[in-house]
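Numbering (the numbering used here), first residue to last: 1 to 201.
Where a beta carbon is used, it is the ideal one built from N, C-alpha and C, also for glycine.
Here the structure is a predicted model, which is why all the values come from computation and not from measurement.
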């Protein structure tokens with residue numbers, strides 16, 4: 001697919017996901033569900049990419065795997081797929097919580113440094129008002145400006161980490177959890193249609 005075609009297919013897939021709570025992926029064999037072969041991404045990687053880019057995840061999901069006619073279907077592969085998704089969900093949640101807790105741990109010290117930097121800025125600005133030398137006044141104003149910016153940056157960094165940065169891996173973890181409990185349907189010879197585009201793994 002070209003980029004415009006891929007973007008259109010992804011938008012259509014997201015609409016289908018919202019309305020029917022289903023997503024479909026085309027694979028050469030069921031083994032490609034977990035294994036990347038021939039330069040193609042694995043099926044699970046493709047599914048995660050589709051769901052991770054969705055604005056909202058459905059409560060329940062149906063995954064349709066389109067295979068060529070006559071392809072072997074081993075139910076153990078579906079079980080391995082669920083186990084893989086559960087393990088990845090746990091790993092992603094761990095990464096998310098590490099980010100969040102790291103932000104909370106750094107917050108007290110960061111706020112202390114931010115207050116000190118802010119005080120330096122206020123004092124420098126105050127002293128600049130009473131200095132007779134223009135050069136010294138400019139120097140003090142520069143210190144005040146840098147100190148205020150530093151105070152904001154130091155104080156905001158752990159807040160951003162604890163409130164926002166952890167949400168990306170958290171969303172990916174939710175995607176893996178959804179896939180782990182999804183209903184999986186294997187369809188042979190499924191054709192790509194405008195209503196239900198098939199993404200190739």
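Please classify residue i: does DSSP put it in a helix, a strand, or coil?
i: residue 77; result: helix
i: residue 215; result: Any answer about residue 215 is impossible in this case: the structure gives the chain only from 1 up to 201.
i: residue 105; result: helix
i: residue 180; result: helix
Between residue i and residue j, how many whole angstroms is the CB-CB distance? I'm expecting something under 8 Å.
i: residue 30; j: residue 175; result: About 21 Å; that fails the 8 Å criterion.
i: residue 212; j: residue 49; result: Outside the displayed span of the chain (1 to 201) sits residue 212, for which this structure offers no information.
i: residue 64; j: residue 90; result: Incorrect: roughly 26 Å between the Cβ atoms, too far for contact.
Taking residue i as the reference, which of the options has the closest Cα?
i: residue 161; options: 48, 101, 149 and 128; result: 101
i: residue 78; options: 158, 32, 128 and 98; result: 32
i: residue 109; options: 68, 98, 141 and 159; result: 159
i: residue 81; options: 187, 107 and 183; result: 183
i: residue 17; options: 61, 7, 83 and 8; result: 61
i: residue 202; options: 145, 19, 172 and 28; result: No information on residue 202 is available, as it lies outside the stretch 1 to 201 that the chain covers here.
i: residue 26; options: 20, 19 and 41; result: 41
Going by DSSP, what residues sit across from residue i in a beta bridge?
i: residue 185; result: 64
Pull up the distance between the alpha-carbon of residue i and that of residue j, whole angstroms please.
i: residue 133; j: residue 139; result: 10 Å
i: residue 124; j: residue 149; result: 13 Å
i: residue 24; j: residue 168; result: 23 Å
i: residue 117; j: residue 131; result: 21 Å
i: residue 51; j: residue 180; result: 13 Å
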